[in-house]
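So the structure is just underneath, and the comments pick up after that.
In our numbering, the protein residues as written are 1243 to 1961.
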């Protein structure tokens, strides 16, 4: 056996994905991106004013010169960027391409997600940055456009305009473009995207970018795995970056032509009419699996194999080739030493173009073969949701597949109403997954595959495998946040509510909520927990809660509930019935609830009728006639029991007589006829419970001198 054959038989060590960070349309975080994928969110929108004006360049005629017939796409939302945090002078921002700025942000998030934040200690000289970035960056266009001033001047002079007016017009046109400055040259270079990341994070490993057109990010991941396999690096930050979505890029795809006239990419659908452009950044942090296990890193998924190929001789330079793609698929499965039959999810390139989708289906079916038992492999493409993100397209697919393996979910592909005929045959192994469904484990580990194809015949295929068969983390969408406040006074608690940035964007609300949970003190005297959703006005929630606390400080909250007795008055199930009780000697504010039932009545009543938060009435505050009771208005927490209203039965031996107290019963004590008390907080200490009437128990609580309202208890004569 030759040395080459022996090497081919030895499976390479799996590469672990230990961290991820991304920015994609309508998803400014990794959690938001996964939530959009699961919930089938369509992130395609009209071109925003920050990019270009459709009224200036749009025309439905694809053949009109210098006009585009596309006006929809996937665009990043505005993102806060602090240049000082990344060591950049603010004056250089205008001359620095967006890809360089956001690349630092996404890489920083990915490394933090991997557990290697700024304060972490690790060998930074063994960390490399290899990214997929296309050769042309957005800033090249406006800087190059400034150099057209001789043509403008000549055209205006030939039109008979006087020289002074021409110079004024040329100056006005030039002012509309970004000016040249010292930082312009590095600010427009693609390789500086990786360079700025290594500079910001102080890394000393390999620093480079690779351009394979729309397969650039998978090409970068391929080089990253080779870097780790060769032992030249211990950690690699890789992926793809593409924020180039201006009119120049639309013109390029319009004249190919490859854009969808409808503005929607519909991969593998019979009505697919072209692709939709998008922009985004997808960053992954990779390690050798043995090193990740040694260091205790979280592993999203493992890369088992990578396959690459070229189309060779073919038709047009941009024409897809099923033959070339087939070679990449076979090489990936050969390196991973897994059979195609074990792949249950394929995240295809799936641009939505008729020729591209047809060639990809042909290649997949040739490698996977016929399936006599029906379809078993889910086929999809995230481009239906975020558009074709070009250099970041492969990274977008890998992140989607890795999260699907991590959370054990088969994600949906949207906009597919009727799959192509090749995917509806009886012997095809593929089906277009249009619904979110649980990923049930088969006899083998869950596995997924991702394809990325680029102009010029670049083909890449990646095989992923789950790390753990068990789901080890909750799948939280991120659209609901728990806001936990704690303080020693109600005023401090109210100030915390007012200081919360409820009017900020949801990402900032999430960050502040995380800080609140980390600094929450369970032993604090006053604690408040609120639930906020992404579609709510969080500032309104904060102001209402602060107002309720303000009213509480005056002895009565905004809902009319007492502030002294009910710790959960903000959550009362029947707020309209809160009232204030007064007596001849004093005013007491109590939260009460009761069931009325006779303990010794021979004739059993029907199911007790609940009276939530009833107002107690009696002539003498020292003694109260009690009927059988149970707490209800506050979920069984800290409520004082209600005395009976029928004073005619005052001397009846059927009822226990107790004095109303303003402190909750102690833990372990049972109210008469109540099966259990669900105590939220520790109650005051008390003496042993004593029987008052048969099968009845009541609590003799000691007076607590430290309490602002000491417990006052008197039992019947039997006590």
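Every residue, glycine too, gets a C-beta built ideally from N, C-alpha and C. Quick caveat, the model's predicted, so the values are computed rather than measured.
Nearest-angstrom Cα distance between residue i and residue j?
i, j, result
"residue 1799", "residue 1785", "At residue 1799 the pLDDT is 42, less than 50, meaning the model places this residue with poor confidence; the figure from the coordinates comes in the next sentence. In a straight line, the C-alpha of residue 1799 is about 14 Å away from that of residue 1785."
"residue 2046", "residue 1293", "In the structure displayed, the chain extends from 1243 to 1961; residue 2046 sits before or after that span and is not available."
"residue 1277", "residue 1752", "14 Å"
"residue 1503", "residue 1517", "9 Å"
"residue 1521", "residue 1485", "5 Å"
"residue 1526", "residue 1316", "21 Å"
"residue 1879", "residue 1791", "In this prediction, residue 1879 scores a pLDDT of 34, lower than 50, which makes its location untrustworthy; the coordinate-derived value is nonetheless stated afterwards. Each residue's Cα considered, the two are about 19 Å apart."
"residue 1718", "residue 1772", "17 Å"
"residue 1744", "residue 1537", "38 Å"
"residue 1664", "residue 1620", "14 Å"
"residue 1686", "residue 1584", "7 Å"
"residue 1263", "residue 1739", "31 Å"
"residue 1657", "residue 1793", "52 Å"
"residue 1261", "residue 1667", "39 Å"
"residue 1288", "residue 1498", "21 Å"
"residue 1610", "residue 1326", "52 Å"
"residue 1891", "residue 1748", "With a pLDDT of only 36 at residue 1891, under 50, the local geometry of the prediction cannot be trusted, and the value read off the model is given with reservation. Using only the alpha carbons, I get a separation of about 59 Å."
Excluding five sequence neighbours on each side, which residues of the same chain lie with their C-beta closer than 6 Å to the C-beta of residue i?
i, result
"residue 1728", "1762, 1763, 1766 and 1769"
"residue 1650", "1681 and 1713"
"residue 1489", "1294 and 1299"
"residue 1384", "1419 and 1420"
"residue 1425", "1334 and 1337"
"residue 1696", "1454, 1455, 1456 and 1457"
"residue 1463", "1480"
"residue 1579", "1253"
"residue 1546", "1256, 1578, 1705 and 1707"
Would you call the CB atoms of residue i and residue j closer than 9 Å?
i, j, result
"residue 1594", "residue 1506", "yes"
"residue 1552", "residue 1449", "no"
"residue 1477", "residue 1358", "yes"
"residue 1480", "residue 1549", "no"
"residue 1661", "residue 1512", "yes"
"residue 1312", "residue 1443", "no"
"residue 1602", "residue 1562", "yes"
"residue 1404", "residue 1509", "no"
"residue 1354", "residue 1271", "no"
"residue 1692", "residue 1640", "yes"
"residue 1345", "residue 1460", "no"
"residue 1343", "residue 1364", "no"
"residue 1586", "residue 1688", "yes"
"residue 1973", "residue 1647", "No statement about residue 1973 is possible, as the shown extent of the chain runs from 1243 to 1961 and does not include it."
Which residue marks the beginning of the beta strand (DSSP E) containing residue i, and which one marks its end?
i, result
"residue 1449", "1449 to 1452"
"residue 1259", "1257 to 1265"
"residue 1278", "That residue, residue 1278, is in no beta strand (DSSP E); its alpha helix (DSSP H) goes 1272 to 1280."
"residue 1494", "Counting along the chain, residue 1494 falls outside any beta strand (DSSP E), though it belongs to the alpha helix (DSSP H) covering 1489 to 1496."
"residue 1695", "1689 to 1696"
"residue 1723", "1722 to 1729"
"residue 1372", "1369 to 1374"
"residue 1526", "1522 to 1530"
"residue 1479", "1477 to 1484"
"residue 1715", "Residue 1715 -> no beta strand (DSSP E), and no H or E assigned at all."
"residue 1588", "1587 to 1589"
"residue 1287", "1286 to 1288"
"residue 1674", "1672 to 1674"
"residue 1443", "No beta strand (DSSP E) contains residue 1443, which is instead part of the alpha helix (DSSP H) from 1434 to 1443."
Note the first and the last residue of the continuous alpha helix (DSSP H) segment covering residue i.
i, result
"residue 1341", "1340 to 1355"
"residue 1386", "1382 to 1387"
"residue 1773", "Careful: residue 1773 lies outside any alpha helix (DSSP H), inside the beta strand (DSSP E) at 1768 to 1775."
"residue 1410", "1405 to 1417"
"residue 1706", "Premise fails: residue 1706 lies in the beta strand (DSSP E), 1700 to 1707, not in any alpha helix (DSSP H)."
"residue 1643", "1635 to 1649"
So residue i and residue j are supposed to be a Cβ contact under 8 Å. How far apart are they, rounded?
i, j, result
"residue 1349", "residue 1541", "Contact doesn't hold; Cβ gap of about 19 Å is too wide."
"residue 1420", "residue 1436", "Rounded, the Cβ-Cβ distance is 22 Å, inconsistent with contact."
"residue 1381", "residue 1429", "6 Å"
"residue 1465", "residue 1487", "Going by Cβ atoms, the distance from residue 1465 to residue 1487 rounds to 25 Å, so no, they are not a contact pair."
Ordered along the chain, which non-local residues of its own chain (more than five positions away) have a Cβ less than 7 Å from that of residue i?
i, result
"residue 1605", "1564, 1567, 1568 and 1571"
"residue 1613", "1669, 1670 and 1671"
"residue 1268", "1278, 1283, 1285 and 1319"
"residue 1339", "1379, 1380, 1381, 1429 and 1430"
"residue 1391", "1412 and 1416"
"residue 1596", "1514"
"residue 1366", "1444, 1445 and 1446"
If I measure Cβ to Cβ from residue i and keep anything under 8 Å in the same chain, skipping five residues before and after, which residues do I get?
i, result
"residue 1407", "1398"
"residue 1559", "1697, 1698 and 1699"
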